[in-house]
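Adding 10 to a residue's 1-based position in the sequence shown gives its number in this note's numbering. Since the structure comes first, as structure tokens, the remarks are kept for the end.
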Amino acid sequence: MSEPRQTRAFVLRKVNYGENDLIVTLLGRDTGKFSAIARGARASRKRFGGGLQPMRCLDLSYTQKSSGNLAFLREIDVVEDFPALEGDFDRITIASYATELVREVSQEANPDVATFELLRAFYRQLCDSDDSTLALQAVLHHFELNLLELQGTLPSLDGCFRCGAPADTMDKIRCIRTGEGLVCNACRRPGEGVGVIQPATLELLHYFHTPGPQAPRGLSEPAVVNQARRVVDASFEQMLDKPLKSRVMLETVLEDAFA
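Now the structure itself:
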């Protein structure tokens with residue numbers, strides 16, 4: 011029998027297995043994403059105490075014969091939970107989307123401390139944020155852009171992604187629809203889909219990526235916020251094989267931002 015291992019992890023998903031068990035997808039701080047079976051987790055709360063819920067940070071003990079195989083959970087201890095998320099519809103919807111996003115873009119058995127810490131910071135910021143949907147949306151887009159950066163797919167926001175021409179030298183700020191970011195007119199290829207974005211949109215994207223003490227005026231303008239959102243979405247669409255299940259509910263929440 012393999013020796014027990016320990017890691018700190020977030021629960022990304024749980025799925026019923028058989029009559030009594032759960033299979034959980036975890037993001038381990040030291041291990042990366044992996045799946046484990048929790049024997050008897052549905053039959054009794056004594057062993058795992060109801061801690062195997064998405065958006066819980068756990069210290070856990072498990073065994074695993076080899077990397078890539080299903081692990082077996084032995085013990086868990088809830089290190090941190092986020093009750094402010096579970097008690098608020100907008101927050102839990104946004105958090106569920108971000109959790110699913112991490113699950114889809116993370117690689118199996120690829121240690122990724124940075125993504126683990128980004129997800130933890132996101133949950134905390136979402137709990138502490140102002141209740142307005144716009145404030146929550148800003149927290150989400152900050153998380154998304156930083157996740158893209160960790161994945162090496164952050165859209166170019168300072169200049170043309172092909173030649174590096176600065177944004178302030180462009181006659182119009184064009185953003186390529188395949189998610190790479192800005193493209194100058196000289197580098198745009200025939201038939202390549204682009205959208206022209208407002209200077210206020212570019213300013214807002216910079217703010218989402220690296221928030222400053224003063225929010226730009228564009229954060230209160232629906233057209234600017236929606237345009238910035240489409241730029242972020244375009245980058246993730248190139249990474250994901252299919253739309254996320256949580257996306258529909260997220261759209262419902264974000265559409266109410268200016269209601």
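Positions of the beta carbon are idealized from the N, C-alpha and C atoms, including for glycine.
Subject >> Proximal residues to Glu231 (C-beta, below 8 Å), its chain only, five neighbours per side dropped >> reply: Position 221 of the sequence shown holds residue 231. Excluding residues within five positions, the ones whose Cβ falls inside 8 Å are Ala210.
Original post:
Would the beta-carbon of Leu62 fall within 8 Å of that of Leu32?
Top reply: Taking the first residue of the sequence shown as position 1, residue 62 is located at position 52. Taking the first residue of the sequence shown as position 1, residue 32 is located at position 22. Yes, Cβ-Cβ distance for Leu62 and Leu32 is below 8 Å.
Original post:
Based on the DSSP output, what are the partners of Ala19 in its beta bridges?
Top reply: Position 9 of the sequence shown holds residue 19. Ala19 is bridged to Gly38, Leu68.
Subject >> Of the residues Ser245, Ile102, Val204, the one placed nearest Asp141, counting alpha carbons only >> reply: For this step, residue 141 is matched to residue 131 along the sequence shown. That would be Ile102, whose Cα lies nearest to the Cα of Asp141.
Subject >> Contacts around Gly169, its chain only, beta-carbon distance under 7 Å, and the 5 residues preceding and following it disregarded >> reply: For this step, residue 169 is matched to residue 159 along the sequence shown. Answer for Gly169: Ala175, Pro176, Ala177, Leu192, listed in chain order.
**OP:** Could you name the residues of the same chain whose beta carbon sits closer than 8 Å to that of Val89, not counting the 5 residues immediately before and after it, in chain order?
**Re:** On the sequence shown, residue 89 is found 79 positions in, with the first residue counted as 1. Closer than 8 Å at the Cβ level, and outside the excluded window around Val89, lie Arg18, Cys67, Leu68, Asp69.
Original post:
From Pro64 to Thr109, what does the alpha carbon distance come to, in whole angstroms?
Top reply: Residue numbering aside, residue 64 sits at position 54 when the sequence shown is read from its first letter. Residue numbering aside, residue 109 sits at position 99 when the sequence shown is read from its first letter. Their Cα atoms are separated by approximately 8 Å.
**OP:** Would you mind sorting Asp100 into buried or exposed? The rule is 16 or more other CB atoms within 10 Å of its CB.
**Re:** Walking along the sequence shown from the start, residue 100 turns up at place 90. So Asp100 ends up on the buried side.
Original post:
Which whole runs of the beta strand (DSSP E) in the stretch 134 to 198 are 3 residues long or more, in chain order?
Top reply: 184 to 186
**OP:** Have a look at the DSSP bridge pairing and note the partners of Val204.
**Re:** Numbered from its first residue, the sequence shown carries residue 204 at position 194. Val204 is bridged to Ile186.
**OP:** Apply the 10 Å Cβ neighbour rule to Gly156 and answer buried if 16 or more other Cβ atoms are within range, or exposed otherwise.
**Re:** Counted from its first residue, the sequence shown places residue 156 at position 146. Checking the sequence, you will find Asn at residue 156 rather than Gly. With 16 or more Cβ atoms within 10 Å of its Cβ, Asn156 is classed as buried.
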